[in-house]
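Residue numbers (the numbering used here): 1 to 435. Ideal placement from N, C-alpha and C gives every residue a C-beta, glycine not left out.
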């Protein structure tokens, strides 16, 4: 058989498959385990979801010889249903969605029903039924179906409520910072930097307590003498807890592989800490640099102390010349800041498995879209939103750049165990995240 005959046979079989196996109408498509037209599909769906039994045939089952494409009342329901079963249509495939048991005309939604089958059903049971997983080919419940469910509830149920996701992240940020104007910065808390990243990821509280982060300018910046020798270690511990708490609150994070979770936390330590420091420096309009635990570095301090210039000179210069001016031009606020934090977290999937890389890519697109939609709603113009969006998206690039520039200094503190920076946690962060 030559190729021409094969193509002709394929085209012939394709044309034959486009005819309904029940009534012979065209066009037809694959549904419920067989090939049927739209009319037969709707008939099969409705008759399999009825609570009443199918009426018997009044013509001694000779109706299959009739034309099922005739007028509606002239067609026998029983024989047409038998023909559907004979042609391979499967009743169990239908009625997999919760809405299939709640059929109602769209024009009648909200006008009340004569009978409600779920008057005594509790709210938790309804929610479990709506969220019950099904096969991948079955779509989830739409708003109309949820409205029908809510009509039978003893208490009202809010439908299609838009959650302000950025506002939720802002509240989460305030909760994690634990900053209050009336509470002074605490430097005497216990720390444990010997906790590996795997255990710290499960319980960040093992590293240290969630003391006030100290960005509030009204907090006390007085550092007790016995805490100065371990000041950098205390900053790393409290900053690590802050970063881990935030990452653990991101839903996409828990879908990553375990190795990729630990890699992400190690890799994002420096970018997240630096971005947080820069933002609150900008927010509080401080002329220098605000850091974790109430530390404040001014440009005049850098000029007087050479050791401080070696450690913080680059951070201060880069922030004052590039990052903070970019924040001012973009007029960044809390909502944009928290969304940018997640964009920075998922900005790179290097070293991830294929599954984790795909999750990271989708998460980056999700939070970028949320940022753009937030700006569009805030500014009221798509053109202005796009311009502001492009300004803000320059910040992740700056943060990644300064993070790489600070790697030598960060590694020096860890290798030389300076200022209390020693233990398994900082070693994991540096070695697994940047080497």
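Who are the near neighbours of residue i in its chain, counting only those whose CB is closer than 6 Å to its CB and skipping five residues on each side?
i, result
"residue 389", "372, 375"
"residue 345", "268"
"residue 41", "31"
"residue 312", "297"
"residue 121", "Any reading at residue 121 must be qualified, since the residue scores a pLDDT of 38, below 50, and its modelled position is unreliable; no value is offered."
"residue 363", "252, 346"
"residue 423", "193, 194"
"residue 434", "407"
"residue 357", "349"
"residue 89", "32, 33, 34, 44"
"residue 382", "376"
"residue 239", "273, 292"
Leaving out five residues before and five after residue i in sequence, what residues of the same chain have Cβ atoms less than 8 Å from its Cβ?
i, result
"residue 234", "187, 189, 191, 208, 227, 293, 420"
"residue 172", "246, 249, 338"
"residue 161", "Bear in mind that a pLDDT of 35 at residue 161, under 50, signals an unreliable position, so the number given afterwards is only what the model happens to contain. Cβ neighbours of residue 161 beyond the five flanking positions: none."
"residue 180", "212, 216"
From which residue to which residue does the beta strand (DSSP E) around residue i run?
i, result
"residue 29", "29-31"
"residue 356", "Here residue 356 belongs to no beta strand (DSSP E); instead the alpha helix (DSSP H) covers 354-379."
"residue 34", "34-36"
Taking Cβ positions, are residue i and residue j nearer each other than 8 Å?
i, j, result
"residue 50", "residue 34", "no"
"residue 193", "residue 426", "yes"
"residue 241", "residue 204", "yes"
"residue 370", "residue 165", "yes"
"residue 398", "residue 322", "yes"
"residue 25", "residue 18", "no"
"residue 402", "residue 315", "yes"
"residue 54", "residue 77", "yes"
"residue 349", "residue 366", "no"
"residue 44", "residue 94", "yes"
"residue 91", "residue 52", "no"
"residue 395", "residue 326", "yes"
"residue 386", "residue 410", "no"
Following the continuous alpha helix (DSSP H) through residue i, name the residue where it begins and the one where it ends.
i, result
"residue 281", "269-283"
"residue 429", "424-434"
"residue 232", "231-248"
"residue 81", "77-86"
"residue 175", "165-177"
Near residue i, which residues of its chain fall below 7 Å by C-beta distance, leaving aside the five closest residues on each side in sequence?
i, result
"residue 177", "213, 215"
"residue 353", "257, 260"
"residue 359", "252, 255, 256"
"residue 324", "278, 281, 282"
"residue 428", "196, 197, 266"
"residue 415", "none"
"residue 290", "215, 277, 280, 281, 284, 296"
"residue 351", "263"
"residue 199", "206"
"residue 163", "Because the pLDDT of residue 163 is 48, which lies under 50, any placement of that residue in the model is unreliable, and the number read from its coordinates should be weighed accordingly. No residues qualify anywhere along the chain."
"residue 378", "none"
"residue 309", "302"
"residue 223", "187, 231"
"residue 299", "288, 316"
"residue 368", "343"
"residue 87", "21, 22, 34"
For the ligand SAH, any of its heavy atoms closer than 7 Å to the Cβ of residue i?
i, result
"residue 303", "What this structure holds is no ligand at all, so the ligand SAH is not there to describe."
Should residue i be flagged as near chain C, meaning a C-beta pair shorter than 8 Å?
i, result
"residue 405", "This model lacks chain C altogether, as it is built from one protein chain only."
task: With a floor of 3 residues, list each beta strand (DSSP E) that falls wholly inside the region 390-414, ordered by position along the chain.
output: none
message: Can you confirm whether the region 263-277 touches the region 233-251 when touching is taken to mean that 3 or more C-beta pairs between the two stretches lie within less than 8 Å?
response: yes
query: Is it true that the region 245-258 meets the region 336-352, where meeting means three or more beta-carbon pairs spaced less than 8 Å apart?
result: yes
query: At which residue ranges does the region 293-334 contain complete alpha helix (DSSP H) runs of 4 or more residues, listed in the order of the chain?
result: Entirely contained in the region 293-334, the alpha helix (DSSP H) runs reaching 4 residues are, in chain order, 299-304, 306-318, 324-330.
message: Suppose only complete runs of 4+ residues qualify. What are the alpha helix (DSSP H) ranges in the region 183-218, listed by chain order?
response: 197-202
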